[in-house]
Amino acid sequence: MPDLLVKLYELPALAPLQERLLAAGIKLRHPLAFEKKAVVEWVNREFGAEWASECEVAFARQPISCFIAVQDGKIIGFACYDVTAKGFFGPTGVTAEARGQGVGRALLLAALHGLAEMGYAYAIIGGAGPVDFYRKAVGAIEIEGSEPGIYRDWLPTGERT
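Numbering (UniProt numbering), first residue to last: 1 to 161.
Listed below in structure tokens is the structure:
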């Protein structure tokens, strides 16, 4: 899976998508520090220990470099940024039941706008799975020769609790 480059100075607006999600009872927000355990445990349960470890790093930042999508008091998605490496987007995930509603796109935009607010002009989406999604959503372009990128020597835990 290649790395992708995103121009943060040409991002689509987030507000219209947020308003649509709010109308459906879905709120995007930064988690609060005391929610760390709940968020990290949810990510571990839904997506595995590696992503949970990266999510944990987000809570060491101020502001916390993660967004969550919440519906009916439950997390349905998350997106971290500036955790895997400086200027990187991800990890990100949405529950199977919540897919197809624009939650993933909204989390992507929220995180990328977060990187732009930190002063970055570009973001990297490392080891991007759904390349076409990122191309359509934010105009991401493939970085030639980027596979396997920073993930070449990773130590997988293989754990899910």
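All residues carry an ideal CB built from backbone N, CA and C; glycine is no exception.
Exclusion of the five residues before and after residue 127 leaves 1, 3, 149 and 151 as the residues of its chain whose Cβ lies within less than 7 Å of its Cβ. Note that the C-beta distance between residue 53 and residue 114 is not below 8 Å. In this structure residue 82 is buried. Its beta-carbon is surrounded by 16 or more other beta-carbon atoms within 10 angstroms. DSSP, reduced to helix, strand and coil, places residue 142 within a strand of the structure shown. Burial state of residue 141 is exposed, judged by a 10 Å Cβ sphere holding fewer than 16 other Cβ atoms. By the criterion of at least three beta-carbon pairs nearer than 8 Å, the stretch 23–33 is not in contact with the stretch 85–92. Cβ-Cβ distances below 6 Å link residue 116 to 8 in the same chain, with the five nearest sequence neighbours on each side left out; the list follows chain order.
Residue 105 sits buried, since 16 or more C-beta atoms from the chains shown fall within 10 Å of its C-beta. Each of 39, 143 and 74 was checked against the Cα of residue 122, and the nearest Cα belongs to 143. Where residue 69 is concerned, there is no enclosing alpha helix (DSSP H), although the beta strand (DSSP E) around it starts and stops at 66–71. For residue 79, the enclosing beta strand (DSSP E) begins and ends at 74–81.
Cβ neighbours of residue 58 within its own chain (closer than 6 Å, five residues either side excluded): 64, 65, 66, 80 and 83. Take the alpha-carbon of residue 136 and the one of residue 37: they are about 34 Å apart. Beta-bridge partners assigned by DSSP to residue 122: 7. When 153, 69, 119 and 99 are compared, the shortest CA-CA separation from residue 39 is found for 69.
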